[in-house]
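Down below is the structure, laid out as structure tokens.
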Amino acid sequence: MGSFHAVETFVNWLFGGEDNESNRLQLEQADQKLQEMQEKDAEGRARHSAEEAAEHQRARRAAEEEAERVSRTAAEAAGITQTHQEEYKRAAAEAAEARHEVEHRWFEGVRPECHPPHKDVVWMKAEYHYSPGFFHLVVVGTSGCGKSSFINAVCGLSNNHDLDDSIVAHTEIIECTPNMPDWQYFNNLGLYIFDCIIMLFDNCFSESDLTILHTCKQFKNVEAFIVCSKSDQHINNMAVR
Numbered sequence: 314m315g316s317f318h319a320v321e322t323f324v325n326w327l328f329g330g331e332d333n334e335s336n337r338l339q340l341e342q343a344d345q346k347l348q349e350m351q352e353k354d355a356e357g358r359a360r361h362s363a364e365e366a367a368e369h370q371r372a373r374r375a376a377e378e379e380a381e382r383v384s385r386t387a388a389e390a391a392g393i394t395q396t397h398q399e400e401y402k403r404a405a406a407e408a409a410e411a412r413h414e415v416e417h418r419w420f421e422g423v424r425p426e427c428h429p430p431h432k433d434v435v436w437m438k439a440e441y442h443y444s445p446g447f448f449h450l451v452v453v454g455t456s457g458c459g460k461s462s463f464i465n466a467v468c469g470l471s472n473n474h475d476l477d478d479s480i481v482a483h484t485e486i487i488e489c490t491p492n493m494p495d496w497q498y499f500n501n502l503g504l505y506i507f508d509c510i511i512m513l514f515d516n517c518f519s520e521s522d523l524t525i526l527h528t529c530k531q532f533k534n535v536e537a538f539i540v541c542s543k544s545d546q547h548i549n550n551m552a553v554r
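Residue 468 in the working numbering sits at position 155 of the sequence shown, and the numbers go up by one each step.
Here it is in structure tokens:
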């Protein structure tokens, strides 16, 4: 029994040793596979992290580019707005200066070419009962210079106020003041619709007389004539002196 037990022990040890070696090899292979899986998992995580970091970097770069674009657009818009404001201020200053210059020239006697619009011409013709095909003239002058007497003399009518009004020419007095630019004074009277303007004066020209004569030069269709009224009185006065 002792020998048989020894042999059995030896056999068990022999075969049992092989099982241990096989188990050891399997354990080593399992450890190696586990390590490879861990390494692959770490590589995957690292690659995923790198991809996320790259994506975050791209998103950040895109956000920075968008912010820069918005900032640049805002700066350009602000520059355009400032440019427009400067242009507006400059245009307004130039317009104000031009207006001041024109007004200064008007009141200093430099008369602009200012012809009335068509609607004003039509309105003035209706106001003065303008009739096409007739020669239209107007007699102007200061109050008391002899306009009524001149018209009655030209028409062959009496100048005697004691007679019937039916044989005395009808005249109309329009009060005007020369406290305005020449062109406005002339246009307000509507003198541009007449073919002829007869300027009457008795002893000297008034400012309104000179205004009308000066502005007549701009209207080629209007002739102006100057008539000295009450000449006999002036001659007599000079003879008495």
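Yeah, the Cβ is synthetic: ideal placement off N, Cα and C, and Gly gets one too.
Rounded to a whole number of angstroms, what is the C-alpha to C-alpha distance between residue i and residue j?
i, j, result
"Y506", "N465", "Looking at the sequence itself, residue 506 is Ile, so the reference to Tyr does not match. Computed Cα separation, rounded: 23 Å."
"P429", "E416", "18 Å"
"R403", "R412", "14 Å"
"T303", "I510", "For residue 303 there is no data in the structure shown, the boundaries of the chain being 314 and 554."
"Y443", "D515", "29 Å"
"F357", "R385", "Contrary to the premise, residue 357 reads as Gly rather than Phe in this sequence. About 41 Å."
"E368", "M350", "26 Å"
"N501", "E440", "12 Å"
"E364", "R374", "15 Å"
"D344", "A366", "32 Å"
"I539", "E400", "51 Å"
"N549", "A408", "57 Å"
"A537", "M512", "7 Å"
"V434", "Q395", "45 Å"
"H431", "L526", "23 Å"
"Y498", "L504", "9 Å"
"F383", "A390", "Before going on, a small fix: residue 383 reads as Val here, not Phe. Distance between the alpha carbons of V383 and A390 is about 10 Å."
"K353", "S362", "14 Å"
"K438", "T524", "22 Å"
"E378", "R371", "10 Å"
"F534", "G457", "Before going further, note that residue 534 is Asn rather than Phe in the sequence given. In a straight line, the C-alpha of N534 is about 28 Å away from that of G457."
"H547", "C468", "24 Å"
"A355", "S335", "30 Å"
"M551", "S461", "25 Å"
"A380", "A359", "31 Å"
"F532", "C517", "24 Å"
"E520", "W436", "27 Å"
"Q398", "A376", "32 Å"
"K346", "L340", "10 Å"
"D508", "C541", "20 Å"
"K530", "A406", "33 Å"
"Q342", "Q348", "10 Å"
Going by the DSSP bridge assignment, what does residue i pair with across the sheet?
i, result
"I510", "V451, A537"
How close, in whole Å, do the beta carbons of residue i and residue j come, if the pair is a contact with beta carbons under 8 Å?
i, j, result
"D522", "G454", "7 Å"
"F463", "V452", "6 Å"
"G446", "K543", "That belief does not hold up - the Cβ atoms of G446 and K543 are roughly 34 Å apart, past 8 Å."
List the endpoints of the continuous alpha helix (DSSP H) containing residue i.
i, result
"N465", "460-468"
"L504", "That residue, L504, is in no alpha helix (DSSP H); it is neither H nor E in DSSP."
"S521", "520-529"
"D433", "431-440"
Is residue i near the ligand MN, with its Cβ less than 7 Å from a heavy atom?
i, result
"A390", "Inclusion of the ligand MN in the displayed structure is not the case, the ligand content being empty and no account of it being possible."
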